Amino acid sequence: MSAKFRMGTDLAKYIQELGYRNELGYQTFLYSNDADIRKVFMFIVDKLPKETVEAQEETLGASILLQRAIASTLARQLSSPWAPSYLKENGITWRGIPPCWQREGASSLCHFHSCRITKPFRTGDITKKIPKELRFYYTKILPVVTNQTLQHNDTAPSVIEENAIEYTQQQEWESEWNQSGLGSRLSEEEYRARKKERIKKKITDQLRQDRQRGGTTAGSSLSLDLQQMISSISGRASTTTKTKGSRFTHTEKLLFAKDEEKVISEVGTGEGPRTKTEEELQKEREVEVGDLREELNNLVSRLESVDMDMRKFTAGIQQMEEEIGNQGRINKEKEEGFIVKKRTLDLLPDAENNITKLQAVVDNSGQRLINLANQWEKHRAPLIEQYRDLKDLTSKKESEAHKMLEEIKEFRKKMKEVADEARNKEELQKQLTSEYERMTKDVNRLAYTKRITEIVANIKKQKKEIDKVLVDTRAVQKEINQLSGKLDRQFTVTDELIFRDAKKDEAVKKAYRYLAALHENCELLIKTVEETGLIMREIRELEDQIESESHKKVLSNLEKISADFQQMKKENAAMLAKLKGKS
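The sequence shown finishes on residue 600 if you use my numbering, and the numbering steps up by one all the way, no holes.
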């Protein structure tokens with residue numbers, strides 16, 4: 018029995034892995050039912066492979082075609098002679114060039130050869146204004162980058178080289194600016210101008226030293242060349258630096274200008290400069306540095322004092338603004354009080370007449386308030402009645418809506434049940450049609466077709482009957498809703514009519530009570546009818562379940578289960594006896 022149990026559980030597990038959705042376990046095989054076993058067999062038969070499908074997959078499958086293509090290419094390569102990788106034949110004729118032997122993957126390579134190209138400089142900077150001549154040169158005269166190279170293959174290397182040079186220059190300038198430019202506390206333009214002045218001074222010093230070494234033979238020509246070079250450098254510096262410098266930069270420029278004038282005069286006249294000792298130069302530098310430090314300290318102290326004065330002035334301004342705002346508010350309040358007092362003082366000369374006038378105004382305002390209260394009461398009473406009526410209607414509508422929702426839920430449940438039944442029947446129809454297609458059509462084909470057509474006809478009839486039942490239930494529900502609505506409306510109308518007369522006559526009061534009791538009794542009757550209907554439906558469902566369970570052979574299965582249980586007990590006792598004997 019244990020082996021049977023294991024075999025049943027394994028079979029149920031394998032069939033569920035294939036995709037079987039109904040309930041399945043070892044009991045379906047050990048204590049079988051005809052309907053359940055038939056469903057399992059039909060599912061397994063559907064999962065069996067078909068010969069036609071295998072043939073189509075063998076002829077049209079993508080994997081088989083790929084394997085065949087791989088096999089054909091391998092066979093072709095094995096049959097062809099071996100050649101090294103740098104002697105692969107290019108079988109494509111491109112632009113009239115015949116196929117040739119070449120290195121694999123090296124058909125479009127070329128040497129890295131760059132040439133100097135020119136491109137617009139800093140045209141994307143909005144703050145920089147480009148002169149008209151330079152703009153005309155960039156737009157009209159300067160050729161395109163692709164036309165500046167002799168060969169087309171040199172365009173990309175040239176652009177890469179130019180970008181690399183520009184990038185390195187930019188990196189060098191940034192490193193220089195971060196190291197020494199920021200420490201000088203100058204702007205970028207001033208730092209550039211100062212650097213140009215230093216270069217210009219170095220050039221003049223170098224030329225002066227060369228002249229002293231070479232003699233005074235070429236004094237005039239050298240002075241002219243030197244003046245042209247200095248003028249060109251100063252012109253460039255003037256075009257690039259147009260900002261106002263500090264006092265230190267101006268003093269430095271004046272010193273450099275004096276040195277240049279001296280050098281030019283010395284070169285032009287041929288006289289040599291008066292040399293100074295290192296001690297004198299060091300003393301002069303120390304004196305200049307001391308003077309500049311004193312000026313710097315004085316300026317810093319003055320700036321600090323000015324900053325303190327500015328802070329004091331801003332604080333005083335804020336205090337004055339606050340005081341002005343407070344005074345403005347106080348003035349407004351005093352003006353309002355002054356206007357009130359002025360009006361009261363204007364009324365004092367004729368006090369008695371003014372008092373009588375004010376008393377009349379007060380009386381008139383009180384009478385107006387009383388009239389308004391009466392008018393509001395007149396409008397309020399019908400509004401309250403209308404509100405109560407609307408509240409009653411909404412409560413009735415809510416009760417009706419609640420009832421309708423319950424009925425809709427019941428109908429949805431019924432529709433789901435009917436839809437499930439229809440799906441099951443459709444699945445049975447599909448299974449039957451699939452069985453018919455699989456069966457051999459040589460023997461008793463007419464009998465099978467007749468059976469299938471009869472089954473299909475029965476299913477269609479059942480479906481039509483189900484649709485008719487649904488239509489009938491919907492029509493009955495509509496009639497029930499209409500009748501219930503009519504009853505509610507009639508009850509409300511009669512209730513209102515009798516309630517109006519019930520205040521005057523006692524007989525009408527009794528009739529009103531009887532009407533309410535009748536309405537309650539009718540509601541109880543309707544509820545009892547609905548409950549009886551539900552009970553009858555449940556009884557039918559239970560009878561159907563009893564019939565279905567009777568078809569399942571429950572008693573015989575119970576007898577089998579009890580017999581198997583006794584057998585399992587015997588096997589367990591035998592196993593225990595064996596274990597005790599071994600021990």
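No residue lacks a Cβ here, since even glycine has one placed at the ideal position from N, Cα and C.
Just so we're clear, the structure is a prediction, and the values are computed from it rather than from any experiment.
Just checking: is the beta-carbon of Glu-566 within a distance shorter than 8 Å of some beta-carbon in chain C?
Given the protein chain composition of this structure (a single chain), no chain C is represented.
Inspect the beta-carbon positions of Ala-519 and Tyr-529 and report whether they are closer than 8 Å.
On the sequence shown, residue 519 is found 502 positions in, with the first residue counted as 1. On the sequence shown, residue 529 is found 512 positions in, with the first residue counted as 1. For Ala-519 and Tyr-529, yes; Cβs fall inside 8 Å.
Exposed or buried, what is Val-357 when buried is set at 16 or more other beta-carbons lying within 10 Å of its beta-carbon?
Stepping through the sequence shown from its first residue, residue 357 is reached at position 340. Exposed: under 16 other Cβ atoms inside 10 Å.
Can you tell me which of the three DSSP states Leu-41 falls into?
In the sequence shown, the residue the question calls residue 41 occupies position 24. Coil, per DSSP.
Buried/exposed call for Thr-411, threshold 16 Cβ in 10 Å:
Within the sequence shown, residue 411 is the residue found at index 394, counting from 1. Burial is judged here by how many other beta carbons sit within 10 angstroms of a residue's own beta carbon; Thr-411 has fewer than 16 and is exposed.
Minimum C-alpha distance to Asp-512 - residue among Val-317, Ser-97, Lys-526 and Gly-502:
As a first step, residue 512 must be located in the sequence shown, where it is residue number 495. When only C-alpha atoms are compared, the closest one is Lys-526.
Beta carbon of Ile-32, beta carbon of Val-57: below 8 Å?
In the sequence shown, residue 32 corresponds to position 15, counting from 1. In the sequence shown, residue 57 corresponds to position 40, counting from 1. Contact check for Ile-32 against Val-57 passes: the beta carbons are separated by less than 8 Å.
Drop a sphere of 10 angstroms on the beta-carbon of Thr-45, count the other beta-carbons inside from all chains shown, and report buried for 16 or more, exposed for fewer.
Indexing the sequence shown from 1 puts residue 45 at position 28. It counts as buried.
Simplified DSSP state of Thr-549, which is helix, strand or coil
Locating residue 549 in the sequence shown gives position 532, counting from the first residue. Three-state DSSP puts Thr-549 in a helix.
Return the first residue and the last residue of the alpha helix (DSSP H) that Thr-373 is part of.
In the sequence shown, counting from the first residue as 1, residue 373 sits at position 356. Start and end: 368 to 455.
Under 8 Å: do the stretch 471 to 486 and the stretch 400 to 411 share three or more Cβ pairs, one atom per stretch?
no
Measuring alpha carbon to alpha carbon, tell me which of Thr-156, Ala-534 and Ala-524 ends up nearest Phe-508.
Taking the sequence shown and counting its residues from 1, the one referred to as residue 508 is at position 491. Here the closest residue by C-alpha is Ala-534.
Phe-22 - containing alpha helix (DSSP H), residue span:
Taking the sequence shown and counting its residues from 1, one reaches residue 22 at position 5. Per DSSP, Phe-22 belongs to the alpha helix (DSSP H) from 19 to 35.
Is the CB-CB distance between Val-435 and Leu-487 below 8 Å?
Numbered from 1 along the sequence shown, position 418 holds the residue referred to as residue 435. Numbered from 1 along the sequence shown, position 470 holds the residue referred to as residue 487. In contact: Val-435 and Leu-487 (Cβ atoms closer than 8 Å).
Below 8 Å CB to CB, which residues in the same chain sit around Ile-578 once its five sequence neighbours on both sides are set aside?
On the sequence shown, position 561 is the one that residue 578 refers to. Residues Tyr-48 of the same chain have their beta carbon placed closer than 8 Å to that of Ile-578, with the five preceding and five following residues left out of the count.
Where does Pro-148 fall in DSSP's three states?
Against the sequence shown, residue 148 aligns to sequence position 131. It is coil, neither helix nor strand.
Looking only at its chain, what residues have a beta carbon closer than 6 Å to the beta carbon of Asn-589, apart from the 5 residues adjacent to it on each side?
Counting from one through the sequence shown, the residue named residue 589 turns up at place 572. Hits under 6 Å: none found.
Cα separation between Glu-438 and Ile-543?
Residue 438 sits at position 421 when you count from the first residue of the sequence shown. Residue 543 sits at position 526 when you count from the first residue of the sequence shown. So the alpha carbons of these two residues sit roughly 31 Å apart.
CB Asn-170 to CB Cys-132, shorter than 8 Å?
Your numbering for residue 170 matches position 153 in the sequence shown. Your numbering for residue 132 matches position 115 in the sequence shown. Against a cut-off of 8 Å, the Cβ pair of Cys-132 and Asn-170 comes out as no contact.
Measuring only the C-alpha atoms, how far is Leu-593 from Arg-23?
The residue given as residue 593 occupies position 576 in the sequence shown. The residue given as residue 23 occupies position 6 in the sequence shown. So the two alpha carbons sit approximately 20 Å from each other.
Would Thr-135 pass as a contact of Leu-167 if the rule is Cβ separation under 8 Å?
Along the sequence shown, one-based indexing puts residue 135 at 118. Along the sequence shown, one-based indexing puts residue 167 at 150. The answer is no: Cβ separation not under 8 Å.
Look at Met-18 and Asp-581 and say whether their C-beta atoms are less than 8 Å apart.
Reading the sequence shown from its first residue, position 1 is the one you call residue 18. Reading the sequence shown from its first residue, position 564 is the one you call residue 581. Against a cut-off of 8 Å, the Cβ pair of Asp-581 and Met-18 comes out as a contact.
Span separating the alpha-carbon of Lys-374 from that of Gly-342:
Within the sequence shown, numbered from 1, the residue matching residue 374 stands at position 357. Within the sequence shown, numbered from 1, the residue matching residue 342 stands at position 325. Roughly 40 Å between the two C-alpha positions.
Are Thr-185 and Thr-172 closer than 8 Å when you measure CB to CB?
Translated into the one-based positions of the sequence shown, residue 185 becomes position 168. Translated into the one-based positions of the sequence shown, residue 172 becomes position 155. No, Cβ-Cβ distance for Thr-185 and Thr-172 is not below 8 Å.
Go ahead and label Glu-278 buried or exposed: buried means 16 or more other beta carbons lie within 10 angstroms of its beta carbon, across all protein chains shown.
Translated into the one-based positions of the sequence shown, residue 278 becomes position 261. Low local confidence applies: a pLDDT of 49 at Glu-278 is under 50, so the model's placement there is unreliable, with the coordinate-based value given in what follows. The residue is exposed, with fewer than 16 neighbouring Cβ atoms inside 10 Å.
Output the distance between the C-alpha atoms of Leu-572 and Ala-492, rounded to the nearest integer angstrom.
The count along the sequence shown starts at 1 and reaches residue 572 at position 555. The count along the sequence shown starts at 1 and reaches residue 492 at position 475. Straight-line Cα distance between these residues: approximately 44 Å.
Cα separation between Ile-372 and Glu-353?
As a working note, residue 372 is residue 355 in the sequence shown. As a working note, residue 353 is residue 336 in the sequence shown. Going by the C-alpha atoms only, they are around 23 Å apart.
Burial state of Thr-260 (16 or more Cβ within 10 Å)
Walking along the sequence shown from the start, residue 260 turns up at place 243. Low confidence applies to Thr-260: its pLDDT is 37, below 50, so where it sits in the model is not reliable enough to give any reading.
Mind listing, in chain order, the continuous alpha helix (DSSP H) runs of no fewer than 4 residues lying wholly within the stretch 483 to 560?
none
Are the Cβ atoms of Asp-522 and Lys-413 separated by less than 8 Å?
Here residue 522 refers to the residue found at position 505 when the sequence shown is read from its first residue. Here residue 413 refers to the residue found at position 396 when the sequence shown is read from its first residue. Not a contact, by the Cβ cut-off of 8 Å.
With H, G and I counted as helix, E and B as strand and the rest as coil, what does DSSP make of Pro-174?
By one-based count along the sequence shown, residue 174 stands at place 157. Annotated three-state conformation of Pro-174 is helix, per DSSP.
Alpha carbon of Thr-26 to alpha carbon of Leu-41, nearest angstrom:
Residue numbering aside, residue 26 sits at position 9 when the sequence shown is read from its first letter. Residue numbering aside, residue 41 sits at position 24 when the sequence shown is read from its first letter. Approximately 9 Å, taken between the alpha carbons.
Would you call Arg-228 buried or exposed, if buried means 16 or more other Cβ atoms sit within 10 Å of its Cβ?
As a first step, residue 228 must be located in the sequence shown, where it is residue number 211. Flag for Arg-228 reads buried.
Which residue comes first and which comes last in the alpha helix (DSSP H) that contains Ile-356?
Position 339 of the sequence shown, counted from the first residue, corresponds to residue 356. First-last of the alpha helix (DSSP H) with Ile-356: 295 to 364.
Length of the line joining the Cα atoms of Leu-316 and Glu-205
Within the sequence shown, numbered from 1, the residue matching residue 316 stands at position 299. Within the sequence shown, numbered from 1, the residue matching residue 205 stands at position 188. Rounded to the nearest angstrom, the two C-alpha atoms are 23 Å apart.
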